[in-house]
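Residue numbers (the working numbering): 31 to 375. We treat Cβ as the ideally placed atom computed from N, Cα and C, and that holds for glycine. For clarity, every value in this text was computed on a predicted model and none was experimentally measured.
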Amino acid sequence: MSDVIKTDVLIIGAGPCGLFAAFELGLLDMKAHFIDIIDILDKVGGQCAELYPEKPIYDIPGIPHVSGQGLTDALMEQIKPFHPTFHLGEMVETVEKIGDPLFRCTTDAGKVFECKVVVIAAGGGSFQPKRPPVPGIEAYEGTSVHYAVRKMEAFRDKSVLIVGGGDSALDWTLNLHPLAKRITLLHRRDDFRAAPHSVEQMRALVADGKMDLRLGQVTALSGAEGKLTGATVKGNDNSVSEISCDTMLPFFGLTMKLGPVANWGIALENNLVPVETSAFETNVSGIFAIGDINTYPGKIKLILCGFHEGALMSQKAHRYVYPEKRLVFQYTTSSSSLQKKLGVS
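Quick look at the structure:
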């Protein structure tokens, strides 16, 4: 077992609701660590940052419109005074009750946490990559075919085939270009869903002969023992050609699955976590669920509702973390002690 990381609260999920929960917990002197249940992601923001970073959101109170990334950035700025710790690119596999209250949580990277409160703020669950419909692709997964970039250095001097036309495909085309031996971007059509600036940069590299752009779809892979040597591509004109590559990065989007939450011993209802509505606690004392992953009568899946749930959750969490301390409710507008925590002069 690795060294145990001890904290007051472990927040599972780093989307907007989880981030705001860290603010509410911080006001009450509770320290939070984040584990991103969204295994495939290596950044905060959850669905906001991954699925619609530039899409405007119009129903955040007091903010007429903000992008998903803009909201994430603002929340990160708001929680700075409380110095939360993030462990991204990992997924919680087990949650075990070992005390009253005390939980031991382990990740797929071998990290072990002990905490008095667990907050599940995992949106719809964990993101899983969509697998391209290519026969035999499973044999190459994890060795030559990767659905995420964990360490850029692993792609140095590789002949990389990137498949897709969204932000992820374009971003990694540009980021890996300086490291890779050669980058080929393959998309089914000459029209991209990525940020216009990224598309312009990609086309400039193609025009300068520094990378390749191909149109079509992968129909087969070649190579023995999981080591990719090439891909067969069917063009839009039904022509068939080969692309030499030793690594492939398919970006076909993400699907949501409940993931390991189902194995944590909490009650489930239609792949959601039922909670009571005074503090959004699950059937297991000390484990809370906020945001899209929970369910209760009258539930509305809005970010602003998740913020409300996080505020009430933190009040109950305080009882577990500081059972001997009386909680006195205070307003940030008038409390000098809260303003001091926030660094307000």
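### Task
Could you pull out every residue in the same chain whose Cβ sits closer than 6 Å to the Cβ of residue 75, ignoring the five residues on either side in sequence?
Numbered from 1 along the sequence shown, position 45 holds the residue referred to as residue 75. Here the set comprises 102.
### Task
Taking all protein chains shown into account, decide if residue 268 is buried (16 or more other Cβ within 10 angstroms of its Cβ) or exposed.
In the sequence shown, the residue the question calls residue 268 occupies position 238. The residue in question, residue 268, is exposed, as its Cβ has fewer than 16 Cβ neighbours within 10 Å.
### Query
Does the Cβ of residue 277 have 16 or more other Cβ atoms within 10 Å, making it buried, or fewer, making it exposed?
Here residue 277 refers to the residue found at position 247 when the sequence shown is read from its first residue. It counts as buried.
### Message
Can you look up residue 247 in the DSSP assignment and give me helix, strand or coil?
### Response
On the sequence shown, position 217 is the one that residue 247 refers to. Three-state result, residue 247: strand.
### Query
Under a three-way DSSP split, which group does residue 108 fall into?
Working through the sequence shown from its first residue, we reach residue 108 at position 78. Helix, per DSSP.
### Query
residue 363 to residue 86, Cα distance in whole Å?
The residue given as residue 363 occupies position 333 in the sequence shown. The residue given as residue 86 occupies position 56 in the sequence shown. Each residue's Cα considered, the two are about 29 Å apart.
### Query
Taking Cβ positions, are residue 49 and residue 105 nearer each other than 8 Å?
Translated into positions along the sequence shown, residue 49 becomes position 19. Translated into positions along the sequence shown, residue 105 becomes position 75. Yes; because the gap between Cβ atoms is below 8 Å, this pair is in contact.
### Message
Please state the DSSP three-state secondary structure of residue 36.
### Response
Position 6 of the sequence shown, counted from the start, is the residue given in the question as residue 36. Strand, per DSSP.
### the stretch 198-212 in contact with the stretch 303-312 per 3-pair CB rule at 8 Å
no
### Query
Does the beta-carbon of residue 88 have 16 or more other beta-carbons within 10 angstroms, so that it is buried, or is it exposed?
By 1-based counting over the sequence shown, the position of residue 88 is 58. Exposed.
### Query
Is the beta carbon of residue 241 less than 8 Å from the beta carbon of residue 215?
Taking the first residue of the sequence shown as 1, we reach residue 241 at position 211. Taking the first residue of the sequence shown as 1, we reach residue 215 at position 185. Yes, they are a contact pair.
### Query
For residue 264, which three-state DSSP category applies?
Within the sequence shown, residue 264 is the residue found at index 234, counting from 1. Strand, per DSSP.
### Query
Where in the stretch 163-245 do unbroken runs of the beta strand (DSSP E), each at least 3 residues long, occur, reported from the N-terminal end onward?
189-193, 212-217, 242-245
### Message
Within a Cβ cutoff of 6 Å, which residues of the same chain sit near residue 217, ignoring the five residues on either side of it in sequence?
### Response
Within the sequence shown, residue 217 is the residue found at index 187, counting from 1. Excluding positions up to five away in sequence, the list reads 195.
### Query
Would residue 205 be called buried (16 or more neighbouring beta carbons within 10 Å of its own) or exposed?
Your numbering for residue 205 matches position 175 in the sequence shown. The residue in question, residue 205, is exposed, as its Cβ has fewer than 16 Cβ neighbours within 10 Å.
### Query
Going by the CB atoms, is the gap between residue 170 and residue 256 shorter than 8 Å?
Along the sequence shown, read from residue 1 onward, the residue named residue 256 stands at position 226. Along the sequence shown, read from residue 1 onward, the residue named residue 170 stands at position 140. The answer is yes: Cβ separation under 8 Å.
### Query
Of the choices 34, 111, 73, whose alpha-carbon is the least far from that of residue 52?
Mapped onto the sequence shown, residue 52 falls at position 22. Of 34, 111, 73, the residue nearest in Cα terms is 111.
#### Entry: Neighbour-count burial assignment, residue 1, 16 or more Cβ in a 10 Å radius
There is simply no residue 1 to check, as the chain begins at 31 and stops at 375 in what is shown.
### Task
Identify whether residue 301 lies in helix, strand or coil by the three-state DSSP scheme.
Walking along the sequence shown from the start, residue 301 turns up at place 271. Coil, per DSSP.
### Task
Report all residues from its chain with a CB closer than 6 Å to the CB of residue 34; omit the five preceding and five following residues, and keep chain order.
Position 4 of the sequence shown, counted from the start, is the residue given in the question as residue 34. Same-chain partners within the cutoff: 142, 144.
### Task
Under 8 Å Cβ to Cβ from residue 270, same chain only, skipping five residues before and after it: list those, please.
Taking the sequence shown and counting its residues from 1, the one referred to as residue 270 is at position 240. Cβ within range, chain order: 249, 262, 263, 264.
### Query
Rounded to whole angstroms, how far is the Cβ of residue 114 from the Cβ of residue 152, which I believe are closer than 8 Å?
Position 84 of the sequence shown, counting from 1, holds the residue named residue 114. Position 122 of the sequence shown, counting from 1, holds the residue named residue 152. With 8 Å as the limit, residue 114 and residue 152 do not qualify as a contact, their Cβ atoms being about 16 Å apart.
### Task
Tell me where the alpha helix (DSSP H) around residue 337 begins and ends.
Position 307 of the sequence shown holds residue 337. Looking at the DSSP string, the run of the alpha helix (DSSP H) that includes residue 337 is 333-351.
### Message
Tell me the residue span of the alpha helix (DSSP H) that contains residue 54.
### Response
Counting from 1 along the sequence shown, the entry for residue 54 is found at position 24. Taken as a continuous stretch (DSSP letters only), the alpha helix (DSSP H) holding residue 54 covers 46-57.
### Query
To the nearest angstrom, how far is it from the Cα of residue 358 to the Cα of residue 368?
As a working note, residue 358 is residue 328 in the sequence shown. As a working note, residue 368 is residue 338 in the sequence shown. If you take the alpha carbons of residue 358 and residue 368, they lie about 12 Å apart.
### Query
residue 127 lies in the alpha helix (DSSP H); which residues open and close that run?
Here residue 127 refers to the residue found at position 97 of the sequence shown. First-last for residue 127: 122-129, but that is the beta strand (DSSP E), not the alpha helix (DSSP H).
### Task
Note down the Cα distance separating residue 226 from residue 197, rounded to an integer number of angstroms.
One-based indexing of the sequence shown puts residue 226 at position 196. One-based indexing of the sequence shown puts residue 197 at position 167. One C-alpha to the other measures close to 10 Å.
### Query
Could you give the distance in angstroms between the alpha-carbon of residue 174 and the alpha-carbon of residue 189?
For the purposes of this step, residue 174 is taken as residue 144 along the sequence shown, with counting starting at 1. For the purposes of this step, residue 189 is taken as residue 159 along the sequence shown, with counting starting at 1. Taking the straight line from one Cα to the other gives about 11 Å.
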